[in-house]
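Here's the structure we're looking at; comments come further down.
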Amino acid sequence: MENILITGGAGYVGSHITLNILKRGLKVIVLDSFVNSSKDVFNNFCKVIDKKILKRNFKIITGDIRDRKLLNDIFEDNAKRECAISSVIHCAGLKSVQTSIINPKEYWDVNVLGTMNLVDIMESYSCKKIIFSSSATVYDPSEGDLLHENSRISPINPYGSTKFVVEKFLEDIHKSSKNEWKCINLRYFNPIGADPEGIIGESPLKEKNNIFPLIMDVASKKLEKFTIFGNDWDSSDGTCVRDYIHIDDLAESHIRALEYLNNNTPVFMNLNVGTGEGTSVLELIKKFEETNQISIPFIYGERRKGDFGTVVADNRLAKKVLAWIPKKDLKDMCKDGWNWFSNTII
Ligand SMILES: NC(=O)c1ccc[n+]([C@@H]2O[C@H](COP(=O)([O-])OP(=O)(O)OC[C@H]3O[C@@H](n4cnc5c(N)ncnc54)[C@H](O)[C@@H]3O)[C@@H](O)[C@H]2O)c1
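Okay, structure coming up:
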């Protein structure tokens, strides 16, 4: 049976992938330092997965991807028990653009050196399948066109640089042994929402940078008003346009990517994971209000430095290669996100 290591598997993205993979009956080991997540995220897994199956197929390890000894022990232990780790879904990392500008060394250390460590240990145990959580921040979206995988790459902050460097590193690793390494970099656009059963959602321990947790803080009256950064962008209502994708569709893309790697010869690929549809911040707020019948008071603030007006994916390659289609719409994202938040967090 496949035994999959998910680094950062307790985080927002990783926990949704973990749940989806466990539901399919595969084995998962989560390695997470819990710097931005809590073990509590797994508490409700037993509501949707049989406890015996969880006990057999699911393991949580607390630790850092920069800890070589720990990584080695994890691979060694599983190899000895004849359930060698077959693939890695690498979500662990730091993700705040703002903090990366203040503390670039930490970002390069965790995101880049952490990945180099991981890949090195993977190689020594002949585990050569990796799916990496990359990001649309690698692109230069200044033209406002749909971004396809060959669009201009030009990260403008340390976070984006670390994503790009890791992508290149994996490409070099693949090139160095083309008949062995299978690598897919999934470039996420803007995942929002929560799993439809309300088991898990987005609850970062560190500062909230993503839009959706902030909208939900306003919805729950924890925050008085939501700030929209800029209303003079080149869009129908002047607010920024982003490509929001339901977290469940994003998680599904990993499962398809894993299947693809299992069934194909070694490959290196970058794939955009978005819906291909742009939504302005104002439209998202209106949709949230209409779907959940809650008012979201907002104010307009200044444009943020380094922001772009429109960031939307050309997702045709991922759809074709992975036979994957994002199924959920903006209403599902708003409904599922609030359903989880209002039942779990408030
Ligand atoms: N959420 C998004 O909008 C988005 C968009 C593009 C790319 N990504 C990337 O996807 C990945 C997951 O993002 P997320 O939104 O789930 O973030 P998250 O912070 O919720 O999850 C990351 C997880 O990694 C863990 N972690 C951090 N440093 C670690 C270390 N050194 N060793 C082990 N674990 C560590 C954290 O505790 C956390 O559980 C990240 O690499 C992020 O850069 C996210």
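Going by the working numbering, the sequence shown opens with residue 17, and the numbers climb by one from there.
From the three backbone atoms N, C-alpha and C, an ideal C-beta is built for every residue, glycine too.
Keep in mind it's a predicted model, so treat the numbers as computed, not measured.
#1: Rounding to the nearest angstrom, what Cα-Cα distance links Lys-186 and Phe-148 in this structure?
#2: Less than 8 Å between the CB of Gly-130 and some heavy atom of ligand 1, yes or no?
#3: Can you give, in chain order, each stretch of the alpha helix (DSSP H) that sits fully within the stretch 114-202 and has at least 4 residues?
#4: Between the C-alpha atoms of Asp-156 and Ile-117, what's the straight-line distance to the nearest angstrom?
#5: What distance in whole Å lies between the Cβ atoms of Leu-202 and Ser-150, which are believed to be in contact at a cut-off of 8 Å?
#6: Under 8 Å by Cβ, that's how I've got Ser-350 and Lys-303 pegged, so tell me the actual separation to the nearest angstrom.
#7: In angstroms, rounded to a whole number, what distance separates the CA positions of Leu-277 and Lys-237?
#8: Count the other CB atoms, across all protein chains shown, that sit within 10 Å of the CB of Lys-198; report buried if there are 16 or more and exposed otherwise.
#9: Shortest alpha-carbon distance to Gly-30 belongs to which of Phe-180, Gly-41 and Ser-49?
#10: State yes or no: is the C-beta of Tyr-204 nearer than 8 Å to some heavy atom of ligand 1?
#11: Got a sec? Which residues, its chain only, sit under 6 Å from Ile-244 by beta carbon, not counting five neighbours each side?
#12: Using a Cβ-Cβ cutoff of less than 7 Å, which residues in the same chain neighbour Glu-196 once the five nearest sequence positions on both sides are dropped?
#13: Would you report the Cα separation of Leu-6 and Gln-309, rounded to the nearest angstrom?
#14: Please determine if the stretch 38-46 and the stretch 69-84 are in contact, where contact requires at least 3 C-beta pairs separated by less than 8 Å.
#15: Any beta-carbon of chain E closer than 9 Å to the one on Ile-244?
#16: I think Gly-217 touches Gly-24, with their Cβ atoms under 8 Å apart; what is that distance to the nearest whole Å?
#17: Using a Cβ-based criterion (distance less than 8 Å to any ligand heavy atom), does Cys-256 qualify as near ligand 1?
#18: Whose C-alpha, out of Glu-240, Gly-160, Ile-20 and Asn-60, is nearest the C-alpha of Thr-360?
#19: DSSP three-state call for Pro-229: helix, strand or coil?
#20: Closer than 6 Å by C-beta to Gly-209: which residues in its own chain qualify, once you throw out the five before and the five after it? Chain order, please.
#21: Under 9 Å, do His-106 and Ile-137 count as touching if we go by C-beta distance?
#22: May I ask which residues mark the beginning and end of the alpha helix (DSSP H) holding Lys-224?
#23: With DSSP as the reference, label Leu-333 as helix, strand or coil.
#24: Indicate whether Asn-206 and Asp-259 have their beta-carbon atoms separated by less than 9 Å.
#25: When DSSP builds the beta bridges, which residues end up paired with Leu-296?
#26: Go through its chain and collect everything with a Cβ distance to Ile-69's Cβ below 8 Å, but skip five positions before and after it.
#27: Distance, Cα to Cα, Ser-193 vs Arg-97?
#28: Would you mind sorting Asp-66 into buried or exposed? The rule is 16 or more other CB atoms within 10 Å of its CB.
#29: What residue from Ser-53, Lys-55, Ile-33 and Phe-228 has the CA that sits closest to Asn-355's CA?
So, to answer that:
#1: The sequence shown places Leu at residue 186, not Lys. Near 9 Å, if we compare the C-alpha coordinates of Phe-148 and Leu-186.
#2: Gly-130: yes, Cβ under 8 Å from ligand 1.
#3: Here the runs fully enclosed are 120-123, 130-140 and 174-192.
#4: Roughly 17 Å between the two C-alpha positions.
#5: That pair is a contact at about 6 Å.
#6: This sequence places Cys at residue 350; Ser is not what is there. A Cβ-Cβ separation of about 5 Å places Cys-350 in contact with Lys-303 under the 8 Å criterion.
#7: It is roughly 45 Å from the alpha-carbon of Leu-277 to the alpha-carbon of Lys-237.
#8: Per the 10 Å Cβ criterion, buried.
#9: Measuring C-alpha to C-alpha distances from Gly-30 to each of Phe-180, Gly-41 and Ser-49 identifies Ser-49 as the nearest.
#10: Yes - ligand 1 has a heavy atom lying nearer than 8 Å to the Cβ of Tyr-204.
#11: Annotation for Ile-244: Thr-255, Val-297, Phe-314 and Tyr-316 place their beta carbon closer than 6 Å to its own, counting only its chain and skipping 5 residues before and after.
#12: Cβ within range, chain order: Lys-144 and Pro-282.
#13: Residue 6 lies beyond the residue range present for the chain, which begins at 17 and ends at 362; the question has no answer from this structure.
#14: The count of Cβ pairs closer than 8 Å, one atom from the stretch 38-46 and one from the stretch 69-84, reaches three, so the stretches are in contact.
#15: Absence of chain E from the displayed structure is noted, only one protein chain being present.
#16: Not confirmed; about 16 Å, so no contact.
#17: For ligand 1, not one heavy atom lies less than 8 Å from the Cβ of Cys-256.
#18: Out of Glu-240, Gly-160, Ile-20 and Asn-60, Asn-60 has the C-alpha closest to the C-alpha of Thr-360.
#19: Helix.
#20: Correct list, in chain order: His-262, Ile-263, Met-349, Asp-352 and Gly-353.
#21: No. Outside cutoff.
#22: Premise fails: Lys-224 is in no alpha helix (DSSP H) and is neither H nor E.
#23: Correct three-state label for Leu-333: helix.
#24: The answer is yes: Cβ separation under 9 Å.
#25: First, the amino acid is wrong: residue 296 is Ser here, not Leu. Bridge partners of Ser-296: Val-257.
#26: So the qualifying residues of the chain are Leu-38 and Gly-41.
#27: So the alpha carbons of these two residues sit roughly 27 Å apart.
#28: Exposed, since its Cβ has fewer than 16 Cβ neighbours within 10 Å.
#29: Proximity to Asn-355 across Ser-53, Lys-55, Ile-33 and Phe-228 peaks at Phe-228, based on C-alpha coordinates.
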